[in-house]
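Here the structure is laid out as structure tokens; the discussion comes afterwards.
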Amino acid sequence: MDKQELHNSICNNAVFSFARSGGKGGQNVNKVNTKVHISIPLAKLSGLSEKELELLTNKLKSSINKDFEIFIDCEASRFQEQNRKIALERIESKIISAVKINKKRKFFDIIYGKYKDPGVISEVFAYIMALLRKASLI
73 MDKQELHNSI CNNAVFSFAR SGGKGGQNVN KVNTKVHISI PLAKLSGLSE
123 KELELLTNKL KSSINKDFEI FIDCEASRFQ EQNRKIALER IESKIISAVK
173 INKKRKFFDI IYGKYKDPGV ISEVFAYIMA LLRKASLI
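Below is the structure:
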């Protein structure tokens, strides 16, 4: 994944639409189009491999519409320009976090000094706790 290329493609291909933000906040949000709706066609995202695009579509199914566009709404601020910046940051971080592949964690077994699977560690821990209970130390 090329983050700079991804950032540039998001900035260049983002489609903005604006609406009135409702609810609390006084007269400004009810009169001015401050709410930002941003959408980006998945086909125009560059900087991602085919595998990363597939991972993105699987993880963000709820944020992808029928036209294969990823979208997000933002009404965090009273000002349209601030909402636009926030929406761009959110959609970029959403894409990056969805594409990021989490590495499997290894658990360190203190007794043997080797990497073990979590099942062995819990068995050893249960054994030690049972010994401590028998010795009335707990």
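Following the numbering used here, the numbering of the sequence shown begins with 73 at its first residue and continues without gaps. Glycine included, C-beta positions come from ideal geometry on N, C-alpha and C. Here the structure is a predicted model, which is why all the values come from computation and not from measurement.
Under the DSSP assignment, residue 111 falls outside any alpha helix (DSSP H), being part of the beta strand (DSSP E) whose first and last residues are 107-113.
Residue 94 and residue 199 have their C-alpha atoms spaced approximately 59 Å apart.
At the C-beta level, residue 105 and residue 154 stay beyond 8 Å of one another. About 7 Å separates the CB atoms of residue 160 and residue 110; that is less than 8 Å, so the two are in contact.
Residue 173 counts as exposed, since fewer than 16 other C-beta atoms from the protein chains shown sit within 10 angstroms of its C-beta. A contact between stretches requires three or more CB pairs, one per stretch, nearer than 8 Å, and the segment 119-129 fails this requirement with the segment 84-93. If you ignore the 5 residues before and after residue 73, its C-beta comes within less than 8 Å of the C-beta of 119, 120, 121, 124, 168, 171, all in its own chain and listed in chain order. Annotation for residue 117: 81 place their beta carbon closer than 6 Å to its own, counting only its chain and skipping 5 residues before and after. Residue burial annotation: residue 128 is buried, with at least 16 other C-beta atoms found within 10 angstroms of its C-beta. Taking C-beta atoms as the reference points, residue 92 and residue 107 count as a pair closer than 8 Å.
Note that the C-beta distance between residue 144 and residue 135 is below 8 Å. Secondary structure at residue 87: strand, using DSSP grouped into helix, strand and coil. Residues 155 of the same chain have their beta carbon placed closer than 6 Å to that of residue 149, with the five preceding and five following residues left out of the count. Counting every other CB atom within 10 Å of its CB across the protein chains shown gives residue 147 a total of 16 or more, marking it as buried.
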